[in-house]
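From first to last, the protein sequence lines are chains A and B. Numbering-wise (numbering that gives the first Met the number 0), the first sequence opens with residue 0 and increments by one. Numbering-wise (numbering that gives the first Met the number 0), the second sequence opens with residue 0 and increments by one. Following: one structure in structure tokens, then a few remarks.
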Amino acid sequence: MFWKRFKKNKLALTGGVLVFGLLAIAVFAPFISPYDPNTINMDDVLQAPGSRHILGTDDLGRDILSRMIYGTRISLSVGFVAIAIATIIGIILGSLAGYYGKLIDSLIMRLVDIMLSVPTFFLLLTIIAIVGPSIWIVMFVIGLTGWMSIARLVRAEFLTLKEREFVLAARSIGATDARIIFRHILPNAMSPVYVSFILGVAGAILMESGLSFLGFGVQPPTPSWGNILTAGREYMEVAWWLIFFPGLAILVTCLSYYILGEGIRQALDPKLKI
Amino acid sequence: MLSYLSKKSFELLITFFGITLVSFFLINLTPGKPTDTLSELNPKMTPEARAILEKHWGLDKPVHIRYVIWLKNVSRLDFGASLSSDMRPAWDKIRERFPITILINSIAIFFIFLIAVPIGIHSAVKANSLSDKFTTLAVFIGFAMPTFWLALILQFIFGVWLNILPVSGIKSLNYESLSLVQKILDSARHLCLPIFITVFGSLAGISRYMRSTMQEALSQEYIVTARAKGLSESKVVYKHALRNAILPVITIVGLSIPGLISGSVIFETIFAIPGVGQLLYQAAMSRDYNVIMAEVVMVSVLTLLGNLLADIGYAIADPRIRVK
């Protein structure tokens, strides 16, 4: 049923194909990249895109295509891990708030309001500046500041689901709260979370690239799209390819995730006629 | 109405304390101290000198006591001295950089509404038409666009390649000798790229939100009634649906302030604009806690004021809230 509806949406299907293509690139990076991403070659500095280096080389003579292929790994893993952290926090707090209600609900929802009004980007920059940038810190802080919308979604689902008869049935046979939350209600509350996860990956990739741009993201020589672009900024006037291709990769990747997410949302929504 | 507003203001006050609490503890409990950067590269910095410095800045006290002291000082608008080499009061540093950031963002908000609202209405009214599909794709491109990349490319195209716009800064070298009209033109030339980037960054979100509230409004029963009365379609859309659909969009302004100012950090760095965004970047780099916390407070106050204004607007426009 889901697949039948999803298949009709050609745009979303394209997004899905691109998302899988990018995952494949990330997994098979060592087999498909033409050069080693970190080999410095001073004879080939700042070569324009051509037959030998399809996307040109950077100021140290490293092949941009290979660096971008390996960068796919880094950028996608940052996106996935960060959003996985955010989703776990969001699910836990959202289910607690929705299931228990009353004081727990108002405390958690107040925390959501606070986190939505906090300039999180400021805190991200500050924490990373204090601890020192590393890929783990970047994943962790993006996850820690991005859980609020998921918590709200899960809470809303719980508020309606907990009144349903199957919950009463589970409770009457003596199921514990934890079992009711995780085995009975949560599986039914997951569909908006899937969509939000996919959209969140794109958001986290954009966030990492923005942090990298300010020098607070994944650190060189490890290639991420954001830091290839940033390193190329100095040579912008003589080597446009250094900033053009990484930015394009970010744009296309995030676009694929957004249209895939939107397609899944429409296919899951029974009210929409497709 | 009054009790509604006082309840809202009280909630906002609680949120404000929450924000300062979360930010203060997150920043201060992260391992590492502002004295680290000073002592790393400085052979003269003995452990004793470091201890004196930490005592001078109050860093030797436990974090919860520091928070209470900080809060007390903030109530007198004293955010402490900047921990960077100039040691000026943090509040002064922010105050002088504040106008330019606010100017750029206010102009940007104006344009965001001017453009996003009609786009959203159009896509909702013509839902699933070819033009709606086209705008949907455009909106997703807007979501997916790394704005700093767009900024770099525009800077390159207009500033370097075509050479028709200044690359950075907010005024030309000969600014003082220009006439008033020329001064305004000069500022406009410097600010048009930063404003364009800010508008572009928020356009997608707001127009998408407008589309969904408008669709929601159009599916209500009072719209069926209005149509049944034989009102023209434009009256139905612009008088009956729009009035209900635009309210939630206006409230989004309050919530979009943190995002807008975060955007300022990036474009002010790119275009070398001396605003609060650039100051935050420098403060984060040098672990200038006092300036960072002052900026957090400033942005939160703006956000909460935006929310309060939106609530007041809501109460004025929607009699159901006033009566309750």
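A virtual CB, placed ideally from N, CA and C, is assigned to each residue, including glycine.
Among the candidates Pro98(B), Pro145(B), Val73(B), whose CA atom is the shortest distance from the CA of Val296(B)? Per the Cα distances, Val73(B).
At a CB-CB cut-off below 8 Å, which residues of chain B make contact with Val117(A)? Ile18, Val21, Ser22, Pro257, Val295, Ser299, listed in chain order.
Taking all protein chains shown into account, decide if Ala238(A) is buried (16 or more other Cβ within 10 angstroms of its Cβ) or exposed. Burial call: buried.
Can you list the residues of chain B that Thr71(A) reaches, using a CB-CB cut of under 9 Å? None at all; the shortest Cβ gap to chain B is about 15 Å.
Counting C-beta neighbours from all protein chains within 10 Å, is the total for Ala271(B) 16 or more, i.e. buried, or is it exposed? Ala271(B) is exposed by the Cβ-count criterion.
On the three-pair Cβ rule with 8 Å, is the stretch 282-300 of chain B touching the stretch 112-125 of chain B? The stretch 282-300 of chain B, when compared against the stretch 112-125 of chain B, does not touch it at the 8 Å Cβ threshold.
Please state the DSSP three-state secondary structure of Ala126(B). DSSP places Ala126(B) in coil when its eight states are reduced to three.
Leaving aside the five residues before and after Ile269(B) along the sequence, list all residues of the same chain whose C-beta is less than 6 Å from its C-beta, in chain order. For Ile269(B), where only same-chain residues beyond five positions count, the Cβ hits under 6 Å are Ala150.
Using a beta-carbon distance below 8 Å, is Thr38(A) in contact with chain B? The C-beta of Thr38(A) comes no closer than 8 Å to any C-beta of chain B.
Under three-state DSSP, which class holds Asp58(A)? Residue state, collapsed to three classes: coil.
At a cut of 8 Å, does the stretch 117-124 of chain A reach the stretch 19-28 of chain B through at least three beta carbon pairs? The answer is yes - the stretch 19-28 of chain B touches the stretch 117-124 of chain A, with three or more Cβ pairs under 8 Å.
Per the contact definition of three or more C-beta pairs closer than 8 Å, is the stretch 229-249 of chain B in contact with the stretch 167-175 of chain B? The stretch 167-175 of chain B is not in contact with the stretch 229-249 of chain B.
Let's see if you can read the secondary structure: which residues bound the alpha helix (DSSP H) around Ser171(A)? It spans 164-171 - the alpha helix (DSSP H) in which Ser171(A) sits, taken as one unbroken run.
Tell me the DSSP secondary structure of Pro257(B) in three-state form. Correct three-state label for Pro257(B): helix.
Burial state of His63(B) (16 or more Cβ within 10 Å): Counting Cβ neighbours within 10 Å, His63(B) comes out exposed, since fewer than 16 surround it.
Residues, ordered as in the chain, of the stretch 205-216 of chain B that lie near chain A by beta-carbon distance below 7 Å: Within the stretch 205-216 of chain B, no residue qualifies.
What would DSSP say about Ala271(B), mapped onto helix, strand or coil? Here Ala271(B) sits in coil by DSSP.
Proximal residues of chain B, C-beta to C-beta of Ala128(A) below 7 Å: Here the neighbours are Ala283, Met284, Arg286.
Would you please verify whether the beta carbon of Gly209(A) is less than 8 Å from any beta carbon of chain B? Judged by the 8 Å Cβ criterion, Gly209(A) is in contact with chain B.
9 Å Cβ cut-off: residues of chain A touching Leu12(B): What Leu12(B) touches in chain A: nothing, since even the nearest Cβ is about 12 Å away.
Counting only Cβ pairs nearer than 8 Å, list the residues of chain A close to Trp69(B). Ordered by position in chain A, no residue passes the 8 Å Cβ test against Trp69(B), which lies about 15 Å from the chain.
Chain-order list of residues whose beta-carbon lies under 7 Å from that of Ile68(B) (same chain, five-residue window excluded): Same-chain partners within the cutoff: Gly57.
Which residues mark the beginning and the end of the alpha helix (DSSP H) in which Val194(A) is found? It spans 190-212 - the alpha helix (DSSP H) in which Val194(A) sits, taken as one unbroken run.
Scan the stretch 237-269 of chain A for residues whose Cβ lies nearer than 9 Å to a Cβ of chain B and list them as they occur along the chain. Those residues of the stretch 237-269 of chain A that come within reach of chain B (Cβ to Cβ, closer than 9 Å) are Trp239, Ile242, Phe243, Pro245, Gly246, Leu247, Ile249, Leu250, Val251, Thr252, Cys253, Leu254, Ser255, Tyr256, Tyr257, Ile258, Glu261.
Residues of its chain near Phe139(A), where Cβ-Cβ distance is below 7 Å and the 5 sequence neighbours each way are ignored: The answer, listed in chain order, is Ile84.
Could you tell me the distance, in whole angstroms, from the CA atom of Leu307(B) to the CA atom of Leu217(B)? Spanning the two alpha carbons is a distance of roughly 28 Å.
Say whether chain B places a C-beta atom closer than 8 Å to the C-beta of Asp112(A). Yes, contact with chain B.
Short CB-CB distance (under 8 Å) between Leu185(A) and chain B: With a threshold of 8 Å between beta carbons, Leu185(A) makes no contact with chain B.
Would a C-beta distance cut-off of 8 Å place Leu54(A) and Trp224(A) closer than the cut-off? Taking 8 Å as the Cβ cut-off, Leu54(A) and Trp224(A) do not qualify as a contacting pair.
From the DSSP output, read off the bridge partner residues of Ala80(B). The secondary-structure analysis by DSSP pairs Ala80(B) across a beta bridge with Pro88(B).
Just the Cα atoms here: how many angstroms apart are Ala107(B) and Arg51(A)? Roughly 45 Å between the two C-alpha positions.
Measure the beta-carbon distance from Val275(B) to Arg96(B) and round it to whole angstroms, keeping in mind my assumption that it falls under 8 Å. The pair is a contact, with the Cβ atoms about 5 Å apart (cut-off 8 Å).
Run of the alpha helix (DSSP H) containing Asn27(B), from where it starts to where it stops: First-last of the alpha helix (DSSP H) with Asn27(B): 1-28.
Tell me whether Ala168(A) is buried or exposed, calling it buried when 16 or more other Cβ atoms sit within 10 Å of its Cβ. Ala168(A) sits exposed, since fewer than 16 C-beta atoms from the chains shown fall within 10 Å of its C-beta.
Distance cutoff 8 Å, beta carbons only. Does Val159(B) sit that close to anything in chain A? Yes - at least one Cβ of chain A is within 8 Å of the one on Val159(B).
Could you say which of Ile249(B), Glu220(B), Val298(B), Ser299(B) lies nearest to Ile311(B) if we only look at CA atoms? The residue with the shortest Cα to Cα distance from Ile311(B) is Ile249(B).
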